[in-house]
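One structure is given here, and the rest of the page talks about it.
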Amino acid sequence: MKYIILIVIVLLVIYALIENLCLLTVRREKLGKGIRIVHLSDLHRKQFGKNNIRLCEKVKEQSPDLIIFSGDLITRYETDLSCAEMTLKMLCKIAPVYMIYGNHEHSISGEMRPELEAMFERSNVILLKNESSEININGRHLKIYGLLDNYGVYKKNGSYRDLDVIKTDDLEKLLGKCPEGEVLLMAHNPFFAEAYAEWGAKYTFSGHVHGGAVRIFGIAMLSPERKFFPKNSKGVYTYGNMKLLVSAGLGKLRLFDPPEIVVYEI
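All the letters of the sequence shown, read from the start, carry residue numbers 2 to 267 under the numbering used here.
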């Protein structure tokens with residue numbers, strides 16, 4: 002029996018290495034037609050080929066009209082942003098790139114923050130921090146908002162207990178009233194979908210949960226806040242008139258939860 006257990010453990014380790022070092026999947030979701038959006042999230046400084054050339058080539062193959070990166074391009078311990086800059090510059094040659102901070106950009110060291118801001122500016126991404134931008138694609142007018150949330154929704158006083166929550170009133174204070182029209186919201190944390198829907202977004206792009214890190218029979222096991230069976234971990238969720246679009250992300254260790262590029266037709 003012990004040999005069977007040992008064999009299973011060895012096979013799991015081999016699969017985990019393949020999944021984390023080699024796999025790069027593409028998930029497609031058809032929600033409409035006319036605009037193709039590639040959604041990336043939670044790269045956490047991981048590289049798919051040198052400077053993420055393999056990742057960028059795979060994105061280019063999807064022929065996107067728009068690329069959305071919903072945070073955590075880097076880690077909070079970053080000291081060298083050269084790979085991140087090269088990755089963003091390559092993506093910007095494919096399609097307009099809209100981006101927000103995740104909790105790791107939020108908590109990067111103070112000495113690295115000016116360099117982070119300068120890197121985003123050099124890369125020509127459209128970084129939205131409680132701001133909005135508008136773009137016309139194939140005859141449709143999109144209003145894109147980027148939420149810079151309170152770090153207390155991720156960690157508070159060094160603990161994952163008694164975290165802050167995001168309510169509709171908070172969104173209106175940070176973003177203003179939701180306008181009429183086709184509104185896309187980038188919000189790193191997917192746990193406040195009810196507030197995003199009540200605010201008025203048509204589509205909300207999130208990440209953060211890494212698909213639950215480990216997925217057993219499609220069920221997410223663990224959130225970054227150390228909670229079991231997190232909700233809104235990966236996929237398309239409906240909240241009233243809003244679609245919550247959650248990427249399982251690209252980086253960090255994972256099992257039965259391969260890194261993914263998500264392609265939406267809206």
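Yeah, the Cβ is synthetic: ideal placement off N, Cα and C, and Gly gets one too. Keep in mind it's a predicted model, so treat the numbers as computed, not measured.
Enumerate in chain order the residues of its own chain whose CB-to-CB distance from residue i is below 6 Å, with the five nearest sequence positions on each side excluded.
i	result
residue 151	165
residue 63	39 and 264
residue 106	none
residue 226	161
Go ahead and pull the three-state DSSP assignment for residue i.
i	result
residue 226	coil
residue 114	helix
residue 125	coil
residue 142	strand
residue 42	coil
residue 24	coil
residue 214	coil
residue 83	helix
residue 31	strand
residue 102	coil
residue 166	coil
residue 6	helix
Cutting at 7 Å between CB atoms, please list the residues of its own chain near residue i, excluding the five before and the five after it.
i	result
residue 195	240
residue 47	251 and 252
Using only alpha-carbon positions, find the residue among the options that is nearest to residue i.
i	options	result
residue 73	55, 91, 117 and 54	117
residue 216	205, 234, 201 and 200	234
residue 169	198, 99, 160 and 163	198
residue 1	138, 230 and 80	Outside the displayed range of the chain (2 to 267) lies residue 1, so it cannot be described from this structure.
residue 69	103, 50 and 78	103
residue 96	77, 78 and 66	66
residue 80	98, 112, 51 and 214	112
Just to check, is the beta-carbon of residue i closer than 8 Å to a non-hydrogen atom of the ligand GDP?
i	result
residue 104	As for the ligand GDP, it is missing from this structure, which has no ligand bound.
CB-CB under 8 Å to residue i, same chain, minus the five flanking residues each way: which ones, in chain order?
i	result
residue 54	91
Self-check item: Every unbroken alpha helix (DSSP H) within the segment 52-77, with a cutoff of 4 residues, ordered by chain
Solution: 54-62
Quiz item: Hey, is the segment 81-88 in contact with the segment 131-144, meaning 3+ C-beta pairs nearer than 8 Å?
Solution: no
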